[in-house]
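K.L.:
For reference, the structure I am asking about is given below.
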Amino acid sequence: MDLSKLIIKNNMEGNSQKDQFAIDVLTGLCAKSKNLPAKYFYDDTGSEVFQKITKHEDYYLTTTEFKILNSIKNQLPEVIGEKEIDIIELGAGDGHKSQLIIDGFLNANCKVNFYPIDISEKAMVMLSQNMVSHPNLTVKGVVAEYFDGLRLVRNQSKNKQLVLFLGSNIGNFDRIQNQGFLRRLWMSLNASDSVLLGFDLKKDVSILTAAYNDSSGHTREFNLNILRRINAELGGNFNIDKFKHFGVYNPVLGAMESYVLSTQEQDVYVSELQRAFHFDAYEPIHLEYSFKFTHGDIEFLCQQTGFELIKQYSDKKEYFVDSLWKVVK
């Protein structure tokens, strides 16, 4: 992919993006139960570390989904039935999984216009290095939040669309938020457009726990990087050695939860906010949920948000599902 063809668009440019970061940090660290939004994981450093996580043997999600997509890549063009298609990926990452799906359409002599959307410009550069050129493939990357990018793409798009939301990204929303997100996605698409969504299924807790506490410590670095961002961008004085990563499965919620814990009583000052924040010993900052699903959960979400379920694609172990939905209007 030629980087000169990148569409660089982010509605929160420069100082306004920094201001929003500052507001979210202030709001989260002032809360009774401290928290920070998971979207701030994905600066350039965070995106690089996440790619290491996805390649680790403990993190089954990426390799399992890759196998699913490789097995169905030639089926999707037959199911969707278009001669030209716009494939839009929300949170494109490094593009390895996207390439599989694109290859399936190219194998079927379908013209593909690929619009990867990611908040990280570094991720877009990594994707550009992985994409294989083809005369029937056009790639235009979008650096933006999901729906900002989707609006931009839709202003250019004239074809049927297939939106990819892969990995376990839908699991980062709680049971109410995911319905809101999917309904907003439905509203952004036309009748008969399609979406392919990745869902991590409920499974043995030991497998889940290992995936979010990998033996090489990549998840630890990924989570602590958000404190490093505060230090670098907002003038914080977090001592990273005085915080630790903690990932645990909550069976009531049906979700993995990620935290960083203060290992001692301490105060942290953030100069951009002109205030200090007090931490008790082992007080947590909540960073992320990763909700897990049953097939019934997926069917319910589909029905509630305006889609028709076309097909569920799973692996032999029933660890993961890629679910194909069609927009009904």
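Residue numbers (my numbering): 12 to 340.
Each residue gets a CB set at the ideal place from its N, CA and C atoms; glycine is no exception.
Since we're looking at a predicted model, the values are computed, not measured.
If you check the beta carbons only, do Arg240 and Gly57 fall under 9 Å apart?
P.N.:
If you number the sequence shown from 1, residue 240 lands on position 229. If you number the sequence shown from 1, residue 57 lands on position 46. Contact flag set, yes.
K.L.:
By a C-beta neighbour count over all protein chains shown, 10 Å radius and 16 as the cutoff for buried, is Met12 buried or exposed?
P.N.:
Within the sequence shown, the letter at position 1 stands for residue 12. Unreliable placement is indicated for Met12, whose pLDDT of 49 sits below 50; the coordinate value is still reported in the next sentence. Label assigned to Met12: buried.
K.L.:
Alpha carbon to alpha carbon, how far is Thr316 from Gly3? Give it in angstroms, no decimals.
P.N.:
The question about residue 3 has no answer here: the residues shown for the chain are numbered 12 through 340.
K.L.:
Applying the criterion that 16 or more other CB atoms from any shown protein chain within 10 Å of the CB defines a buried residue, is Thr230 buried or exposed?
P.N.:
Translated into the one-based positions of the sequence shown, residue 230 becomes position 219. It counts as buried.
K.L.:
Whole angstroms is fine: what's the gap from Cys121's alpha carbon to Asp114's?
P.N.:
Against the sequence shown, residue 121 aligns to sequence position 110. Against the sequence shown, residue 114 aligns to sequence position 103. Near 10 Å, if we compare the C-alpha coordinates of Asp114 and Cys121.
K.L.:
Can you tell me the Cα-Cα spacing of Gly310 and Ala266, whole angstroms?
P.N.:
On the sequence shown, residue 310 is found 299 positions in, with the first residue counted as 1. On the sequence shown, residue 266 is found 255 positions in, with the first residue counted as 1. At residue 310 the sequence reads Glu, which differs from the Gly that was named. Using only the alpha carbons, I get a separation of about 18 Å.
K.L.:
Which residue marks the beginning of the beta strand (DSSP E) containing Arg186, and which one marks its end?
P.N.:
Looking up residue 186 in the sequence shown gives position 175. Neither: Arg186 is in no beta strand (DSSP E) and is coded neither H nor E.
K.L.:
What residues are listed by DSSP as bridge partners for Glu89?
P.N.:
Position 78 of the sequence shown, counted from the first residue, corresponds to residue 89. Paired residues: none, contrary to the question.
K.L.:
Could you tell me whether the stretch 77-92 touches the stretch 41-61, using the rule of 3 or more Cβ pairs below 8 Å?
P.N.:
The stretch 77-92 is not in contact with the stretch 41-61.
K.L.:
Output yes or no for whether 9 Å exceeds the beta carbon distance between Val153 and Tyr126.
P.N.:
Within the sequence shown, the letter at position 142 stands for residue 153. Within the sequence shown, the letter at position 115 stands for residue 126. Contact flag set, yes.
K.L.:
Helix, strand or coil for Ser179 per DSSP?
P.N.:
The residue you call residue 179 lines up with position 168 of the sequence shown. Ser179: coil per DSSP, three-state reduction.
K.L.:
Would you check if the stretch 37-55 and the stretch 66-79 touch, i.e. whether three or more CB-CB distances between them fall below 8 Å?
P.N.:
Not touching, per the Cβ criterion.
K.L.:
Taking the Cβ atom as the reference point for each residue, do Glu329 and Ala33 lie within a distance shorter than 9 Å?
P.N.:
Numbered from 1 along the sequence shown, position 318 holds the residue referred to as residue 329. Numbered from 1 along the sequence shown, position 22 holds the residue referred to as residue 33. It is not a contact, given that the beta carbons lie outside the stated cut-off.
K.L.:
In angstroms with no decimal places, state the Cα-to-Cα distance between Lys337 and Val136.
P.N.:
Taking the sequence shown and counting its residues from 1, the one referred to as residue 337 is at position 326. Taking the sequence shown and counting its residues from 1, the one referred to as residue 136 is at position 125. One C-alpha to the other measures close to 31 Å.
K.L.:
State the start and end residues of the unbroken beta strand (DSSP E) segment that holds Lys327.
P.N.:
Here residue 327 refers to the residue found at position 316 of the sequence shown. No beta strand (DSSP E) holds Lys327; DSSP gives it neither H nor E.
K.L.:
At the level of alpha carbons, what is the spacing between Pro262 and Asn147?
P.N.:
Position 251 of the sequence shown, counted from the start, is the residue given in the question as residue 262. Position 136 of the sequence shown, counted from the start, is the residue given in the question as residue 147. In a straight line, the C-alpha of Pro262 is about 47 Å away from that of Asn147.
K.L.:
Taking 9 Å as the cut-off, decide whether the C-beta atoms of His289 and Gln277 are in contact.
P.N.:
Position 278 of the sequence shown, counted from the first residue, corresponds to residue 289. Position 266 of the sequence shown, counted from the first residue, corresponds to residue 277. The answer is yes: Cβ separation under 9 Å.
K.L.:
Taking just the CA atoms, how far does Lys255 sit from Thr73?
P.N.:
Residue mapping note: residue 73 aligns to position 62 of the sequence shown, counting from 1. Residue mapping note: residue 255 aligns to position 244 of the sequence shown, counting from 1. So the two alpha carbons sit approximately 25 Å from each other.
K.L.:
Taking the alpha carbon of Asn201 as the reference point, which residue from Gly102, Lys169, Lys214 and Val36 has its own alpha carbon closest?
P.N.:
The residue you call residue 201 lines up with position 190 of the sequence shown. Nearest of Gly102, Lys169, Lys214 and Val36 to Asn201, Cα basis: Lys169.
K.L.:
Any chance you could list the beta strand (DSSP E) runs of at least 3 consecutive residues sitting entirely within the stretch 190-276, in chain order?
P.N.:
Counting whole runs of 3 or more residues, the stretch 190-276 contains the beta strand (DSSP E) stretches 205-211, 254-261 and 266-273.
K.L.:
Helix or strand or just coil, what does DSSP make of His145?
P.N.:
The residue labelled residue 145 in the question sits at position 134 within the sequence shown. It is coil, neither helix nor strand.
K.L.:
Any chance you could list the beta strand (DSSP E) runs of at least 3 consecutive residues sitting entirely within the stretch 289-334, in chain order?
P.N.:
295-302 and 318-325
K.L.:
Is it buried or exposed for Ser131, if we count other Cβ within 10 angstroms and need 16 for buried?
P.N.:
The residue labelled residue 131 in the question sits at position 120 within the sequence shown. Buried, by the Cβ-count rule.
K.L.:
Does the Cβ-Cβ distance between Ile128 and Ile99 come in under 9 Å?
P.N.:
Here the question's residue 128 lines up with position 117 in the sequence shown. Here the question's residue 99 lines up with position 88 in the sequence shown. Yes, they are a contact pair.
K.L.:
Per DSSP, which one or two residues make a beta bridge with Lys337?
P.N.:
Here residue 337 is taken as the residue at index 326 of the sequence shown, counted from 1. DSSP lists Ser205 and Glu319 as partners of Lys337.
K.L.:
Could you pull the start and end residues of the alpha helix (DSSP H) that Lys108 belongs to?
P.N.:
On the sequence shown, residue 108 is found 97 positions in, with the first residue counted as 1. First-last of the alpha helix (DSSP H) with Lys108: His107 to Asn118.
K.L.:
Short of 7 Å in beta carbon distance, which residues of its chain neighbour Val216, apart from the five on each side in sequence? Order them along the chain.
P.N.:
Within the sequence shown, residue 216 is the residue found at index 205, counting from 1. Contacts found: Tyr260.
K.L.:
List the DSSP bridge partners of Ile98.
P.N.:
Indexing the sequence shown from 1 puts residue 98 at position 87. Ile98 is bridged to Phe125 and Leu173.
K.L.:
By Cβ distance below 6 Å, which residues in the same chain neighbour Asn418 in space, the five residues on each side in sequence not counted?
P.N.:
Only positions 12 to 340 of the chain appear in the structure, and residue 418 is not among them; the question remains open.
K.L.:
How big is the Cα-Cα spacing for Lys327 and Tyr223?
P.N.:
What you label residue 327 is simply residue 316 of the sequence shown in a count that begins at 1. What you label residue 223 is simply residue 212 of the sequence shown in a count that begins at 1. About 22 Å.
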